[in-house]
Amino acid sequence: MSQIFSKSANAWSKASILGLLAVVVGIGSLLPLIQRSDFVTTANTFRDQPVQFSHQHHVGGIGIDCRYCHTSVEVSSSAGIPPTKTCINCHSQIWSTSPYLEPVRASFRDDKPLKWLRVHDLPDFVYFNHSIHVKKGVGCETCHGRVDKRPLIRQQNSLQMEWCINCHRNPAQYVRPRSEVLTMGYTPAVAQEELGPKLVAEYKIQSLTSCSVCHR
Amino acid sequence: MSAEQQLDINAIRAKLQDASGPHYWRSLEAVAETPEFKEFLNREFPANASEFNDPVGRRNFLKLMSASLALAGVSACTVQPDELIVPYVRQPEELVAGKPLFYATAISLAGVATGLLVESHEGRPTKIEGNPDHPASLGGTDLFAQASVLTLYDPDRSNTITELGEIRTWASFVGAMRGALSAQTSTKGAGLRILTETVNSPTLAAQIHEIVGQFPEAKWIQWEPTTRDNVRGGTRLAFGEYVEPVYDFTKADVVLSLDGDFLAAENAFGVKYARAFA
Numbered sequence: 000m001s002q003i004f005s006k007s008a009n010a011w012s013k014a015s016i017l018g019l020l021a022v023v024v025g026i027g028s029l030l031p032l033i034q035r036s037d038f039v040t041t042a043n044t045f046r047d048q049p050v051q052f053s054h055q056h057h058v059g060g061i062g063i064d065c066r067y068c069h070t071s072v073e074v075s076s077s078a079g080i081p082p083t084k085t086c087i088n089c090h091s092q093i094w095s096t097s098p099y100l101e102p103v104r105a106s107f108r109d110d111k112p113l114k115w116l117r118v119h120d121l122p123d124f125v126y127f128n129h130s131i132h133v134k135k136g137v138g139c140e141t142c143h144g145r146v147d148k149r150p151l152i153r154q155q156n157s158l159q160m161e162w163c164i165n166c167h168r169n170p171a172q173y174v175r176p177r178s179e180v181l182t183m184g185y186t187p188a189v190a191q192e193e194l195g196p197k198l199v200a201e202y203k204i205q206s207l208t209s210c211s212v213c214h215r
Numbered sequence: 000m001s002a003e004q005q006l007d008i009n010a011i012r013a014k015l016q017d018a019s020g021p022h023y024w025r026s027l028e029a030v031a032e033t034p035e036f037k038e039f040l041n042r043e044f045p046a047n048a049s050e051f052n053d054p055v056g057r058r059n060f061l062k063l064m065s066a067s068l069a070l071a072g073v074s075a076c077t078v079q080p081d082e083l084i085v086p087y088v089r090q091p092e093e094l095v096a097g098k099p100l101f102y103a104t105a106i107s108l109a110g111v112a113t114g115l116l117v118e119s120h121e122g123r124p125t126k127i128e129g130n131p132d133h134p135a136s137l138g139g140t141d142l143f144a145q146a147s148v149l150t151l152y153d154p155d156r157s158n159t160i161t162e163l164g165e166i167r168t169w170a171s172f173v174g175a176m177r178g179a180l181s182a183q184t185s186t187k188g189a190g191l192r193i194l195t196e197t198v199n200s201p202t203l204a205a206q207i208h209e210i211v212g213q214f215p216e217a218k219w220i221q222w223e224p225t226t227r228d229n230v231r232g233g234t235r236l237a238f239g240e241y242v243e244p245v246y247d248f249t250k251a252d253v254v255l256s257l258d259g260d261f262l263a264a265e266n267a268f269g270v271k272y273a274r275a276f277a
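Top line first, the protein sequences correspond to chains P and A. Quick note on numbering that gives the first Met the number 0: the first sequence kicks off at 0 and runs consecutively. Quick note on numbering that gives the first Met the number 0: the second sequence kicks off at 0 and runs consecutively.
Now the structure itself:
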């Protein structure tokens with residue numbers, strides 16, 4: 000009686016078992032890498048906006064406080080994008096005929112709002128409250144990067160849950176004094192290992208990592 | 000019904016000729032009682048509907064369906080789509096993004112106004128609560144006040160001037176009204192009737208009185224389905240003039256009410272009495 004399996008069946012079976020293992024390990028390590036890549040998280044990509052608003056000029060250059068435009072960052076969950084009137088407050092008098100500002104003037108004239116592209120976009124199933132973070136001593140630049148150096152804003156961090164939980168599990172590493180929340184380019188006066196735990200105790204920061212804190 | 004079959008119309012006619020009493024039928028085939036109809040009635044499914052005799056086809060079908068069910072979750076593995084932020088052009092005062100704004104207002108039902116606080120999110124009223132400072136509300140609302148938030152979103156609520164369903168301008172309305180009213184001046188408004196709900200606004204009442212003053216024969220009728228005319232009729236009998244009774248339940252130990260539900264929502268101050276009664 001002839002053999003059912005040819006001689007090469009040995010090689011084939013060995014190769015396929017190892018190959019399957021390799022494929023599984025490969026996909027298992029590749030997928031998480033892809034998921035954290037800048038392409039998927041839209042980090043570090045510059046997006047075009049309807050008006051070329053330069054934070055570098057307005058914040059770094061002129062020194063306007065963040066809260067002049069993002070007015071509700073200390074009281075509300077949303078920091079707020081300024082209405083056209085805020086731009087027109089100055090730009091009805093300064094650079095009032097500049098072609099760069101034509102969309103702003105058109106918006107004010109025609110009573111049609113400007114449509115900004117959202118850079119820091121969390122999914123809809125996540126609840127993020129700005130005011131509590133500002134109150135507890137998380138600096139603007141911790142999450143948004145050096146805004147005062149950006150001609151165009153880009154998403155500095157992945158904004159993935161992993162990245163948020165990283166800080167929520169270890170707030171002492173990232174907390175700063177309340178008076179320094181708006182400072183760009185902050186370095187702690189004493190070492191963070193010393194300052195962090197002190198501030199956590201002083202501001203009564205809890206390491207909130209339960210699901211319903213953000214997924215309401 | 001297939002084309003080959005011909006219903007015998009004459010036979011049906013003959014059958015129906017002598018028929019009497021409630022014998023209901025839905026189609027001529029039912030009256031004719033053809034054998035095809037009887038079979039149709041008896042089968043649970045029409046012929047050809049329940050036949051999927053291809054065993055290989057069934058397996059493929061199941062394979063495809065289970066695979067698509069399993070892979071359906073993968074549709075979330077995409078880059079998050081872009082979102083726009085659209086701020087105001089001129090932001091209303093005191094409006095904070097993400098926080099509701101409360102407006103003090105009043106609802107006027109059957110001529111009685113109850114103070115309310117309306118919670119509104121970015122200009123959209125969402126919830127109605129009572130106004131603790133208003134004597135008719137004392138912080139509470141009745142079901143009409145709660146339901147009135149929906150009248151703000153009523154799709155039948157008119158957004159523009161319409162004439163017989165067609166959108167018109169204010170100018171065309173004024174022109175049409177002027178024409179109609181000038182025809183009434185000769186008869187001193189004998190053909191003019193103004194129908195409103197019970198008006199408790201002094202301004203509106205004064206304005207309507209002015210119109211009625213110009214057209215003495217015209218009539219202004221205030222009516223709504225749940226009027227308080229009987230209450231006012233009763234107080235006229237009791238006191239000789241139209242007055243509005245307001246009860247103070249805090250002073251009573253025992254209250255006997257004969258078919259007068261003073262805590263009901265339809266009652267003018269039901270909310271206030273409920274609080275005083277409690």
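Ideal Cβ positions, reconstructed from N, Cα and C, are used throughout, including at glycine. The structure presented is a predicted model; accordingly, all values stated were derived computationally and were not measured.
Query: Burial state of G174 (chain A), where buried means 16 or more other Cβ atoms lie within 10 Å; Result: exposed
Query: In chain order, each alpha helix (DSSP H) run of at least 4 residues that lies wholly inside the segment 95-146 of chain P; Result: 101-109, 129-134 and 139-143
Query: Under 7 Å from the C-beta of W115 (chain P): neighbouring residues of chain A; Result: L83 and I84
Query: Continuous alpha helix (DSSP H) assignments of at least 4 residues falling wholly in the segment 162-200 of chain P; Result: none
Query: Beta carbon proximity, D47 (chain P) to chain A, threshold 8 Å; Result: no
Query: CA nearest to the CA of A273 (chain A), picked from A:I8, A:P134, A:Y152 and A:T168; Result: A:P134
Query: Start and end residues, beta strand (DSSP E) containing V230 (chain A); Result: First-last for V230 (chain A): D228 to F238, but that is the alpha helix (DSSP H), not the beta strand (DSSP E).
Query: Where the beta strand (DSSP E) through L203 (chain A) begins and ends; Result: Element bounds for L203 (chain A): not the beta strand (DSSP E) but the alpha helix (DSSP H), P201 to Q213.
Query: Range covered by the beta strand (DSSP E) that runs through G59 (chain P); Result: Looking at the DSSP string, G59 (chain P) is not in any beta strand (DSSP E), and its letter there is neither H nor E.
Query: Cβ neighbours of A277 (chain A) in the same chain (closer than 7 Å, five flanking residues each side left out); Result: none
Query: Simplified DSSP state of L19 (chain P), which is helix, strand or coil; Result: helix
Query: Rounded separation between S181 (chain A) and L163 (chain A) - CA only; Result: 21 Å
Query: Residues of the segment 74-100 of chain P with Cβ closer than 7 Å to any Cβ of chain A, in chain order; Result: V74, S75, S76, S77, G79, I80, P81, P82, T83 and K84
Query: DSSP state of T77 (chain A) mapped onto helix, strand, coil; Result: coil
Query: T140 (chain A), DSSP secondary structure in three states; Result: coil
Query: Where M0 (chain A) sits in the DSSP three-state scheme; Result: At M0 (chain A) the pLDDT is 45, less than 50, meaning the model places this residue with poor confidence; the figure from the coordinates comes in the next sentence. In the structure shown, M0 (chain A) sits in coil (DSSP, three-state: anything other than H, G, I, E or B).
Query: Beta-ladder partner(s) of A83 (chain A), from DSSP; Result: Looking at the sequence provided, one finds Leu at residue 83 (chain A) rather than Ala. Bridge partners of L83 (chain A): P:L116.
Query: Counterpart residues of S107 (chain A) in DSSP-defined beta bridges; Result: A:A112
Query: Chain-order list of residues whose beta-carbon lies under 6 Å from that of V151 (chain A) (same chain, five-residue window excluded); Result: Reading the sequence as shown, one finds Leu at residue 151 (chain A) and not Val. Correct list, in chain order: P124.
Query: Local Cβ density within 10 Å of L198 (chain P), reported as buried at 16 or more and exposed below that; Result: buried
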